[in-house]
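FYI, in this note's numbering the residues of the sequence shown are 924 to 1071.
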Amino acid sequence: MAKVAKIEVQIKSPEDEFYGIVRHNITHFAEVLPDQFESIEQVEGDGQVVGSVRLWKFVLGTPVVAKGRISAIEDDNKSITFCFFEGDINKYYCTFNITIQVTTESDGTLVKWFLEFEKANKEVPNPTLYLDLFDKVTKKMDDYLLKA
């Protein structure tokens, strides 16, 4: 049975700017965080519609290569979901879906990451390293947007 882990990060960047990066220019992750992301390549579709597939190469202690498909886009809610279906992640998790939602709160912008996962077996650890990565990505992208 799938579980959901969640992390929320308060940022100073405007909601529209942060969501714009996630929605239209997620490949900037590799430019802004070169130590974490080797590349994010478009392999199917245009990256703007449901069904588009990207090849993600990043480091999480060790190199990770995975294919992820955009499975949902809700621009009204500033939310996008990626389903990872092939690669290193799927050696450990049968289900691995990431939803990023950006909202405006009374004291700024809030970035919410939801990680739906199902372990391949009981020995697989909870994906806390991914939550740490999401936190780092959010803060670095916020810094990048504030300097732009």
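For each residue, glycine too, the CB sits at the ideal point set by N, CA and C.
Out of curiosity, what's the CA-to-CA distance linking K926 and F1037?
-> 10 Å
List the whole-angstrom C-beta distance separating T1004 from F941, where the pair is believed to meet the contact cut-off of C-beta under 8 Å.
-> About 16 Å; that fails the 8 Å criterion.
In angstroms, rounded to a whole number, what distance separates the CA positions of F981 and S1002?
-> 22 Å
Determine, using beta carbons only, whether V1047 and Y1067 come nearer to each other than 7 Å.
-> no
Residues of its chain near G968, where Cβ-Cβ distance is below 6 Å and the 5 sequence neighbours each way are ignored | G974 and S975
So, are the CB atoms of D1065 and S936 less than 7 Å apart?
-> Yes, these two residues count as a Cβ contact at 7 Å.
Whole-angstrom distance between E997 and N1044, CA atom to CA atom | Taking the Cα positions, N1044 is about 32 Å away from E997.
Write down the C-beta distance between V1060 and L956 rounded to the nearest angstrom, noting that I regard them as a contact closer than 8 Å.
-> 6 Å
Could you pull out every residue in the same chain whose Cβ sits closer than 6 Å to the Cβ of L978, ignoring the five residues on either side in sequence?
-> E964, V966 and K990, listed in sequence order.
Leaving aside the five residues before and after E931 along the sequence, list all residues of the same chain whose C-beta is less than 8 Å from its C-beta, in chain order.
-> L1033, V1034, K1035 and W1036
Would you decide whether L1052 is buried or exposed? Buried here means 16 or more other CB atoms lie within 10 Å of its CB.
-> With fewer than 16 other Cβ atoms from the protein chains shown falling within 10 Å of its own Cβ, L1052 counts as exposed.
Environment of L1069 [buried if 16+ CB atoms lie within 10 Å] | Under this definition L1069 is an exposed residue.
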